[in-house]
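Right, one structure below, let's go through it.
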Amino acid sequence: DEDFDEEDRPTFTWEDEKTLVSDLLHTGNEQDSEYVKINSLADSIQAAFSVQSQDLLDDIADTLVPAVNCVKHGHQVLNNQVDDSFAVGILEFDEACKKLEAITITSHNELKKAYRVSQARNQEMLKQLEEAYARRDKLWADFEAALDEIREYTAYFYFIRCDDLFLLYLLVTPAMESVKSLPSRMERTIATLEKQSKQIGKDGGSKEKYLKGLLSNFV
(Lines of atoms letter the chains of each structure in order from A and count residues from 1; the text may use other names and numbers.)
(Lines give C-alpha, C1' and ligand atoms only; values in the text may rest on other atoms or scores of the structure.)
Protein backbone atom coordinates (compact mmCIF):
# COMPACT_ATOMS: atom_id res chain seq x y z
CA ASP A 1 0.00 0.00 0.00
CA GLU A 2 1.43 3.41 -1.00
CA ASP A 3 -0.20 5.05 2.01
CA PHE A 4 1.65 2.70 4.40
CA ASP A 5 3.80 4.81 6.74
CA GLU A 6 7.51 3.91 6.76
CA GLU A 7 7.69 4.32 10.56
CA ASP A 8 4.87 1.76 11.00
CA ARG A 9 6.73 -0.93 9.14
CA PRO A 10 8.03 -3.76 11.35
CA THR A 11 11.78 -3.86 11.98
CA PHE A 12 12.05 -7.64 12.11
CA THR A 13 15.10 -9.24 10.55
CA TRP A 14 13.44 -12.06 8.69
CA GLU A 15 16.25 -14.05 7.21
CA ASP A 16 14.39 -17.36 7.04
CA GLU A 17 11.18 -19.02 8.10
CA LYS A 18 12.46 -19.86 11.61
CA THR A 19 13.25 -16.25 12.32
CA LEU A 20 9.85 -15.14 11.08
CA VAL A 21 8.04 -17.64 13.24
CA SER A 22 10.21 -16.79 16.25
CA ASP A 23 9.52 -13.08 15.89
CA LEU A 24 5.81 -13.66 15.45
CA LEU A 25 5.70 -15.85 18.54
CA HIS A 26 7.92 -13.41 20.53
CA THR A 27 10.39 -16.20 21.29
CA GLY A 28 13.71 -14.74 20.09
CA ASN A 29 17.14 -15.89 21.20
CA GLU A 30 18.92 -14.68 24.38
CA GLN A 31 20.85 -12.01 22.51
CA ASP A 32 17.67 -10.44 21.20
CA SER A 33 16.17 -10.64 24.68
CA GLU A 34 19.16 -8.80 26.20
CA TYR A 35 18.92 -6.17 23.50
CA VAL A 36 15.26 -5.66 24.28
CA LYS A 37 16.05 -5.35 28.00
CA ILE A 38 18.68 -2.69 27.34
CA ASN A 39 16.30 -0.73 25.15
CA SER A 40 13.60 -0.99 27.77
CA LEU A 41 16.00 0.19 30.47
CA ALA A 42 17.07 3.14 28.33
CA ASP A 43 13.44 4.02 27.70
CA SER A 44 12.69 3.81 31.42
CA ILE A 45 15.38 6.33 32.39
CA GLN A 46 14.58 8.67 29.54
CA ALA A 47 11.82 10.26 31.56
CA ALA A 48 14.18 10.91 34.48
CA PHE A 49 16.72 12.51 32.16
CA SER A 50 14.00 14.66 30.63
CA VAL A 51 12.86 15.84 34.06
CA GLN A 52 16.44 16.57 35.11
CA SER A 53 17.08 18.46 31.87
CA GLN A 54 13.97 20.55 32.42
CA ASP A 55 15.06 21.32 35.99
CA LEU A 56 18.49 22.40 34.80
CA LEU A 57 16.95 24.65 32.17
CA ASP A 58 14.72 26.19 34.82
CA ASP A 59 17.71 26.80 37.11
CA ILE A 60 19.66 28.41 34.27
CA ALA A 61 16.71 30.60 33.41
CA ASP A 62 16.24 31.61 37.05
CA THR A 63 19.91 32.52 37.26
CA LEU A 64 20.49 34.24 33.93
CA VAL A 65 17.25 36.16 33.52
CA PRO A 66 17.71 38.35 36.63
CA ALA A 67 21.33 39.00 35.70
CA VAL A 68 20.40 39.98 32.15
CA ASN A 69 17.61 42.23 33.42
CA CYS A 70 20.03 43.88 35.87
CA VAL A 71 22.56 44.52 33.11
CA LYS A 72 19.86 45.94 30.85
CA HIS A 73 18.65 48.19 33.65
CA GLY A 74 22.21 49.34 34.28
CA HIS A 75 22.68 50.24 30.64
CA GLN A 76 19.42 52.18 30.68
CA VAL A 77 20.52 54.11 33.77
CA LEU A 78 23.90 54.88 32.22
CA ASN A 79 22.24 56.05 29.02
CA ASN A 80 19.61 58.22 30.70
CA GLN A 81 20.94 59.27 34.13
CA VAL A 82 24.72 59.34 33.78
CA ASP A 83 26.58 61.82 36.02
CA ASP A 84 29.39 63.66 34.24
CA SER A 85 31.42 64.21 37.40
CA PHE A 86 30.99 60.56 38.33
CA ALA A 87 32.08 59.52 34.83
CA VAL A 88 35.13 61.79 35.08
CA GLY A 89 35.91 60.27 38.46
CA ILE A 90 35.64 56.79 37.00
CA LEU A 91 37.96 57.74 34.15
CA GLU A 92 40.47 59.30 36.53
CA PHE A 93 40.29 56.25 38.78
CA ASP A 94 40.87 54.03 35.76
CA GLU A 95 43.84 56.18 34.73
CA ALA A 96 45.26 56.04 38.26
CA CYS A 97 44.84 52.27 38.27
CA LYS A 98 46.69 52.05 34.97
CA LYS A 99 49.52 54.22 36.32
CA LEU A 100 49.70 52.14 39.50
CA GLU A 101 49.77 49.00 37.40
CA ALA A 102 52.60 50.42 35.27
CA ILE A 103 54.55 51.43 38.40
CA THR A 104 53.99 47.98 39.89
CA ILE A 105 55.15 46.28 36.71
CA THR A 106 58.23 48.52 36.58
CA SER A 107 59.02 47.81 40.23
CA HIS A 108 58.54 44.11 39.62
CA ASN A 109 60.89 44.20 36.63
CA GLU A 110 63.48 46.15 38.62
CA LEU A 111 63.16 43.66 41.46
CA LYS A 112 63.67 40.78 39.04
CA LYS A 113 66.70 42.54 37.59
CA ALA A 114 68.14 43.18 41.06
CA TYR A 115 67.48 39.55 41.95
CA ARG A 116 69.37 38.36 38.87
CA VAL A 117 72.25 40.74 39.65
CA SER A 118 72.28 39.51 43.26
CA GLN A 119 72.35 35.92 42.08
CA ALA A 120 75.28 36.67 39.76
CA ARG A 121 77.10 38.49 42.58
CA ASN A 122 76.47 35.60 44.95
CA GLN A 123 77.81 33.16 42.39
CA GLU A 124 80.93 35.31 41.94
CA MET A 125 81.42 35.61 45.71
CA LEU A 126 80.97 31.86 46.08
CA LYS A 127 83.58 31.31 43.38
CA GLN A 128 85.99 33.69 45.14
CA LEU A 129 85.31 31.94 48.45
CA GLU A 130 86.07 28.57 46.91
CA GLU A 131 89.31 29.98 45.46
CA ALA A 132 90.20 31.41 48.90
CA TYR A 133 89.56 28.02 50.47
CA ALA A 134 91.80 26.42 47.85
CA ARG A 135 94.58 28.94 48.57
CA ARG A 136 94.17 28.36 52.31
CA ASP A 137 94.46 24.61 51.86
CA LYS A 138 97.57 25.10 49.69
CA LEU A 139 99.14 27.43 52.26
CA TRP A 140 98.41 24.93 55.01
CA ALA A 141 99.94 22.13 52.97
CA ASP A 142 103.02 24.28 52.25
CA PHE A 143 103.27 25.17 55.94
CA GLU A 144 103.13 21.53 56.97
CA ALA A 145 105.74 20.65 54.34
CA ALA A 146 108.03 23.46 55.57
CA LEU A 147 107.48 22.37 59.18
CA ASP A 148 108.39 18.80 58.32
CA GLU A 149 111.50 20.06 56.54
CA ILE A 150 112.50 22.11 59.62
CA ARG A 151 111.99 19.07 61.82
CA GLU A 152 114.16 16.96 59.57
CA TYR A 153 116.87 19.67 59.48
CA THR A 154 116.74 20.09 63.26
CA ALA A 155 117.11 16.37 63.80
CA TYR A 156 119.98 16.28 61.33
CA PHE A 157 121.66 19.27 63.03
CA TYR A 158 121.19 17.67 66.44
CA PHE A 159 122.80 14.40 65.47
CA ILE A 160 125.62 15.96 63.42
CA ARG A 161 126.58 18.74 65.86
CA CYS A 162 126.25 16.73 69.05
CA ASP A 163 130.04 16.24 69.42
CA ASP A 164 130.76 19.91 68.80
CA LEU A 165 128.17 20.90 71.40
CA PHE A 166 129.80 18.59 73.92
CA LEU A 167 133.20 20.18 73.28
CA LEU A 168 131.65 23.62 73.62
CA TYR A 169 130.12 22.54 76.92
CA LEU A 170 133.54 21.46 78.17
CA LEU A 171 135.00 24.84 77.22
CA VAL A 172 132.20 26.91 78.64
CA THR A 173 131.90 25.10 81.97
CA PRO A 174 135.18 26.44 83.48
CA ALA A 175 134.35 29.94 82.33
CA MET A 176 130.91 29.66 83.94
CA GLU A 177 132.47 28.48 87.19
CA SER A 178 134.91 31.38 87.08
CA VAL A 179 132.08 33.82 86.51
CA LYS A 180 130.14 32.34 89.40
CA SER A 181 133.14 32.79 91.76
CA LEU A 182 133.83 36.34 90.56
CA PRO A 183 131.56 38.13 93.10
CA SER A 184 133.25 36.51 96.11
CA ARG A 185 136.70 37.35 94.77
CA MET A 186 135.63 40.91 94.13
CA GLU A 187 134.35 41.21 97.70
CA ARG A 188 137.66 39.98 99.10
CA THR A 189 139.60 42.41 96.90
CA ILE A 190 137.39 45.32 97.99
CA ALA A 191 137.86 44.43 101.66
CA THR A 192 141.64 44.31 101.21
CA LEU A 193 141.64 47.69 99.49
CA GLU A 194 139.55 49.20 102.25
CA LYS A 195 142.00 47.96 104.90
CA GLN A 196 144.94 49.36 102.98
CA SER A 197 143.16 52.67 102.55
CA LYS A 198 142.48 52.94 106.27
CA GLN A 199 146.11 52.14 107.07
CA ILE A 200 147.32 54.79 104.68
CA GLY A 201 144.94 57.26 106.28
CA LYS A 202 146.34 56.53 109.73
CA ASP A 203 149.92 56.86 108.52
CA GLY A 204 149.13 60.13 106.77
CA GLY A 205 147.65 61.62 109.99
CA SER A 206 150.73 60.83 112.10
CA LYS A 207 153.04 62.26 109.48
CA GLU A 208 151.00 65.43 109.42
CA LYS A 209 151.29 65.81 113.19
CA TYR A 210 155.05 65.26 113.02
CA LEU A 211 155.46 67.95 110.35
CA LYS A 212 153.38 70.41 112.36
CA GLY A 213 155.60 69.80 115.39
CA LEU A 214 158.72 70.50 113.35
CA LEU A 215 157.26 73.70 112.00
CA SER A 216 156.34 74.90 115.50
CA ASN A 217 159.95 74.48 116.60
CA PHE A 218 161.16 76.68 113.75
CA VAL A 219 158.72 79.36 114.66
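Note that my numbering gives residue 40 to position 34 of the sequence shown, counting from 1, and the numbers run on in steps of one.
C-beta: ideal position from N, C-alpha, C; glycine also.
- In this structure, DSSP gives Gln129 a helical state, which the three-state scheme calls helix.
- Going by C-alpha positions, Gly95 is about 52 Å away from Met131.
- If one requires a minimum length of 4 residues, no alpha helix (DSSP H) run lies completely within the region 49 to 86.
- Just so you know, the alpha carbons of Glu107 and Glu101 end up roughly 10 Å apart.
- Exclusion of the five residues before and after Val83 leaves no residue of its chain whose Cβ lies closer than 7 Å to its Cβ.
- In the three-state reduction of the DSSP assignment, Asp89 falls in the coil class, being assigned neither a helical nor a strand state.
- When the Cα atoms are used, Ser59 and Glu40 turn out to be separated by approximately 28 Å.
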